[in-house]
Amino acid sequence: MIIKLKDVTKKFTTNDLSFQALAGITLSVNEGEFIAITGTSGSGKTTLLNIIGCLDGQTSGEYLIMGESVGKFDEARKASLRNEVFGFVLQDFALVEHYTVRQNVTLPLMYVKDKKKKKGRENGAKDLLAKLGIEHKEKERTALLSGGQKQRVAIGRALINEPKLILADEPTGALDQKTSKDIMEVLKKLNEEGKTVIVVTHDPFVANCCKRVIQLEDGKIVSDTTRTA
0 MIIKLKDVTK
10 KFTTNDLSFQ
20 ALAGITLSVN
30 EGEFIAITGT
40 SGSGKTTLLN
50 IIGCLDGQTS
60 GEYLIMGESV
70 GKFDEARKAS
80 LRNEVFGFVL
90 QDFALVEHYT
100 VRQNVTLPLM
110 YVKDKKKKKG
120 RENGAKDLLA
130 KLGIEHKEKE
140 RTALLSGGQK
150 QRVAIGRALI
160 NEPKLILADE
170 PTGALDQKTS
180 KDIMEVLKKL
190 NEEGKTVIVV
200 THDPFVANCC
210 KRVIQLEDGK
220 IVSDTTRTA
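Below is the structure:
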């Protein structure tokens, strides 16, 4: 088991107003799973993903990563987890447009302190680009790429530090249907190679590509189903 949430809640408070984004979330994620978190806008999907990725903390409840309580981690440890354990893929790509494809993909390596590990990953960047089908774009500025190519760069950046989990927030939200299918094939292949992948989506097509679908409604899990075939 990689992660486990026990009765997790999240409340946002602004002035005198409060909003319960998550209410009593309990779930476990095992290594090698391919999970979609679905629900309408405001159901708590992204809030849950942010807590899983240590981008935000829960209001109450417990969150365990590989058996350790995240609540006991300081900010430096959480930052290390974000860079080493999790790989993030976002809807808007979040690339540095004037950087080349290679520069964007290797950007997370600036936070790697182990020089041997850093050098090995830098040397492996070309193979990673080839795996994603964008090796011929290595020296091109990302501003010149198509949406699908940009998302492949974003996936490469998420993979460069060899994370245990890929967390993707609406990874096809800015793409057309054909390109969305291509990107989901990339994520599916990564999962088949052993990566654990969690995707937040409102798109039934994307959810159907995943092996397990968790549906949220008003901050609660209303269904959690796993396909047997």
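Sequence positions in the sequence shown follow numbering that gives the first Met the number 0 and run 0 to 228. Note that the Cβ used here is the ideal one computed from N, Cα and C, for glycine as well.
Compare the beta carbon distance of residue i and residue j with 7 Å and say whether it is the shorter of the two.
i: L21; j: G43; result: yes
i: V100; j: K136; result: yes
i: E134; j: L143; result: no
i: I213; j: D202; result: no
i: T58; j: K10; result: yes
i: T200; j: E169; result: yes
i: P162; j: V95; result: no
i: K71; j: C53; result: no
Helix, strand or coil: which one does DSSP assign to residue i?
i: Q176; result: helix
i: L144; result: coil
i: V28; result: strand
i: K118; result: helix
i: T58; result: coil
i: D126; result: helix
i: G132; result: coil
i: D6; result: strand
In chain order, what residues of the same chain lie with their CB nearer than 6 Å to the CB of residue i, ignoring the 5 residues before and after it?
i: V28; result: I1, I2
i: S40; result: none
i: K5; result: T25, G60, E61
i: V221; result: Q214
i: I197; result: I34, L166
DSSP has residue i in a bridge; who is on the other side?
i: V212; result: A35, T224
i: A167; result: V88, V198
i: S17; result: T12
i: E67; result: I64
By Cβ distance below 7 Å, which residues in the same chain neighbour residue i in space, the five residues on each side in sequence not counted?
i: E30; result: I1, T195
i: A157; result: G86, F87, V88, I165
Return the CA-CA distance between residue i and residue j, expressed in angstroms with no decimal places.
i: R151; j: K130; result: 10 Å
i: L106; j: A93; result: 12 Å
i: I51; j: D73; result: 16 Å
i: I165; j: V104; result: 15 Å
i: K210; j: R226; result: 5 Å
i: A124; j: I159; result: 7 Å
i: N230; j: Q90; result: Nothing about residue 230 can be reported from this structure: the residues present for the chain run from 0 to 228 only.
i: L186; j: Q176; result: 15 Å
i: V69; j: D55; result: 11 Å
i: D217; j: K115; result: 46 Å
Hey, is residue i close to the ligand FAD, as in C-beta under 6 Å from one of its heavy atoms?
i: S179; result: Summarising the ligand content, the structure contains no ligands, and the ligand FAD is consequently not present.
In chain order, what residues of the same chain lie with their CB nearer than 8 Å to the CB of residue i, ignoring the 5 residues before and after it?
i: S179; result: T171, D202, F204, V205
i: L174; result: G146, G147, Q150, I182
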